[in-house]
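The structure appears right after this line, and notes come after that.
Residue numbers (the working numbering): 2 to 730.
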């Protein structure tokens, strides 16, 4: 039996997984996949490179596929209700518990309504069903159309009677009958002949609650129940009841029933019946969204019908996104801005959504996107017709107060899968620092002509603090080159703070290459590309591919690229400027030391505060438009950035053992390793070296003995020759 089979994964998906050479699930996959398949919200935290993407993509593909098997509705003859394989409840919320007999329903959540709608329906005659309340809590019972929300009585398609003694329709609540609770039996009557609905309590008939609205007179109505921390028992029949009137029939006798039917792969039929995607995955960057789409395609390789995925990201014409949505998809992944645009334009319908996934959830919060996410969730709740949406948080870091605040607003009692505890950095990564002191001469005087970000006043107008800051910027640029040379780096990630910093460093390395007259190509010593939000989507994709293929040795990027870059075996990382929070540092260093390979993270830390751009103007610094060098507190767009303080916080929070580099940029002998090799390879190399060391004295003795033997042989040969000569004479 496959290890994935034990997690409940379909054989077709297991076959696709085996094509990827996945013999065993990673720890986060083993913990998460059964939770997602079982329903319910989840918060999942694991280190970068641990298989998080597969942990949510794989079960999403399976649930979407299983849903496709019963996606379309049709009116059929009444099924055999004694057959327990037939579902009496066509739609229900995830957190609503339905027993095996399908007669008892329970919602254990104290702060959220959970509902269900039966598969038995009627559109003429007189019909009845009843509900017995088995526990404390609140419930609402009544009748609803196929298009009604499972939160009965909150839209125009459902009519209900609640335990507080209120009737409800279209979110209008009015006094009706009397309150009811544990032990009471509520009868639910619908009379199509007189076009009315009414209820009974413990056999006492109550007055008419609703006239069937004119807009719904031709609709089929179904029994509907909505609960809040309550358990009920439902009687559809054929068990008789003493509480209903002779002129009414139990709803189990109705010839009409919604059944789930198998969906063929016919695209025209699927488009006609499309009600929107089943899963929506929010990603903080275009690159991550494209990776997710690729993973969805891999997992659904052997499924028929296949799972279609649309990737909604900026940099593409929105007409292409609309076309994909119009053709029908099961999964939508994309960036927040484009997804919001498609929702607001009515192109992305959320009525059938079953999953809402926030990948790299903390990244959205660092971008101040909490309100936008809550807004999308609100639209999901407004449009959704299938009940509760399963909300999943995935990230390398989930331990911030902001993440928990967002979880409380859009998740319901989530299961927490914490595979790494508080902020974690891979054990395979060595951390080092070079302190950039503007008063020390660690670079040549000619190096101070390098171009910086223009945040400082012209010479002659700057203060001592600004002079120190400017010199730190210049020194850092040159120090990047010196680090490349000292460590003979063939590949590295270089993180900078802004898009302008990335472009400046790229041009500096390019100019060095041109001065060396070595051109560009795979063997170019300083070849680099940039990855940030200021370049086109096509250029970003090409640059990343050039880095992966080795056409460019160095990828200079902002933190937009720190989330989910799919690269392996990168031996070095240089932090030109430290990030202002621990979580981002964790993400950065998570790019190296992956797949058990050894990595070295080097941080250039200014010993004096550095003045940096912090744009709050309309241009946000785009195209270097803003020249307002005043501090933010003075109405400008700059701040003082204290890297020494940030470094101390990161070191303390992560309990890092950091190696300090001196002016020679060399690691201590004990810390010199073959970065980029796997730790197991290093163990093998160390074992071989140990054997070599053990054999060295022996081989040395053998060499000396061989040398002596050769000398003795030559001496004897010479002596023999002389004796022979004398004998002949």
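All C-beta atoms in this analysis are idealised placements derived from N, C-alpha and C, irrespective of residue type, glycine included.
Helix, strand or coil for residue i per DSSP?
| i | result |
| --- | --- |
| residue 587 | helix |
| residue 51 | coil |
| residue 18 | helix |
| residue 4 | coil |
| residue 524 | In this predicted model, residue 524 has a pLDDT of only 43, less than 50, meaning its place in the structure is not dependable enough to derive any value. |
| residue 213 | coil |
| residue 289 | helix |
| residue 553 | coil |
| residue 660 | strand |
| residue 168 | strand |
| residue 694 | helix |
| residue 177 | coil |
| residue 202 | strand |
| residue 81 | Confidence is the limiting factor: at residue 81 the pLDDT is only 43, short of 50, which leaves the residue's position unreliable, though a coordinate-based value still follows. Reduced to three states, the DSSP call for residue 81 is coil. |
| residue 64 | helix |
| residue 90 | strand |
| residue 476 | helix |
| residue 464 | coil |
| residue 573 | strand |
| residue 437 | strand |
| residue 408 | helix |
| residue 401 | coil |
Between the options, which lies nearest to residue i when the distance is taken from Cα to Cα?
| i | options | result |
| --- | --- | --- |
| residue 208 | 188, 199, 499 and 514 | 199 |
| residue 324 | 348, 304 and 314 | 348 |
| residue 365 | 383, 284, 330 and 539 | 284 |
| residue 159 | 104, 110 and 216 | 216 |
| residue 358 | 328, 408, 352 and 316 | 408 |
| residue 583 | 171, 651, 552 and 542 | 651 |
| residue 541 | 549, 547, 548 and 532 | 532 |
| residue 43 | 51, 29 and 50 | 29 |
| residue 660 | 698, 135, 432 and 613 | 432 |
| residue 9 | 20, 38, 25 and 21 | 38 |
| residue 57 | 143, 332, 477 and 172 | 332 |
| residue 107 | 525, 138, 512 and 613 | 138 |
| residue 601 | 662, 227 and 633 | 662 |
| residue 177 | 290, 716, 210 and 613 | 210 |
| residue 4 | 13, 20 and 31 | 31 |
| residue 457 | 321, 389 and 631 | 631 |
| residue 113 | 382, 701 and 185 | 382 |
| residue 487 | 526, 614 and 454 | 526 |
For residue i, which residues does DSSP report across the bridge?
| i | result |
| --- | --- |
| residue 392 | 357 |
| residue 146 | 222 |
| residue 105 | 234 |
| residue 141 | 163 and 227 |
| residue 371 | The partner list for residue 371 (beta bridge, DSSP) is empty, contrary to what the question assumes. |
| residue 416 | 43 |
| residue 642 | 611 |
| residue 490 | In DSSP, residue 490 forms no bridge with anything. |
| residue 192 | 127 and 197 |
| residue 431 | 601 |
| residue 280 | 332 and 356 |
| residue 312 | 334 |
| residue 249 | DSSP lists no partner for residue 249. |
| residue 344 | DSSP, once it has assigned bridges, lists no residue as partnering residue 344. |
Quick one: residues in its chain with C-beta nearer than 6 Å to the C-beta of residue i, no 5 flanking neighbours on either side, listed in chain order?
| i | result |
| --- | --- |
| residue 1 | Only positions 2 to 730 of the chain appear in this structure, which leaves residue 1 out of reach. |
| residue 51 | 27 and 29 |
| residue 395 | 45, 53, 57 and 360 |
| residue 33 | 45, 56 and 418 |
Leaving out five residues on either side along the sequence, give the residues of the same chain with a beta carbon under 8 Å from the beta carbon of residue i.
| i | result |
| --- | --- |
| residue 581 | 642 and 647 |
| residue 156 | 149, 150, 171 and 172 |
| residue 35 | 8 and 9 |
| residue 657 | 426, 432 and 651 |
| residue 140 | 132, 134, 163, 164, 226, 227, 228, 229, 231 and 233 |
Less than 7 Å between C-beta atoms, sequence neighbours within five positions excluded: which residues of the same chain meet that for residue i?
| i | result |
| --- | --- |
| residue 491 | 554 |
| residue 248 | 127 |
| residue 136 | 183, 231 and 232 |
| residue 380 | 344 and 351 |
| residue 272 | Note that residue 272 has pLDDT 38, beneath the 50 cutoff, so the model's placement of it is unreliable and the number below is only indicative. 328 and 329, listed in sequence order. |
_Given 8 Å, three or more beta-carbon pairs between the segment 456-471 and the segment 608-623_ = Three or more Cβ pairs closer than 8 Å define a contact, and the segment 456-471 meets that threshold against the segment 608-623.
*Taking one C-beta from the segment 297-315 and one from the segment 54-62 each time, how about it: are there three or more such pairs within less than 8 Å?*
Yes: the two stretches touch, three or more of their Cβ pairs being nearer than 8 Å.
*May I ask you to verify whether the segment 473-485 touches the segment 617-624, counting CB pairs closer than 8 Å and requiring at least 3?*
Contact annotation: the segment 473-485 does not touch the segment 617-624, with fewer than three C-beta pairs closer than 8 Å.
_Stretch pair the segment 304-321 + the segment 329-344: three plus CB contacts closer than 8 Å_ = Taking a contact to require three or more Cβ pairs closer than 8 Å, the segment 304-321 and the segment 329-344 qualify as touching.
*Per the contact definition of three or more C-beta pairs closer than 8 Å, is the segment 130-145 in contact with the segment 189-198?*
Counting Cβ pairs under 8 Å, three or more are found: they touch.
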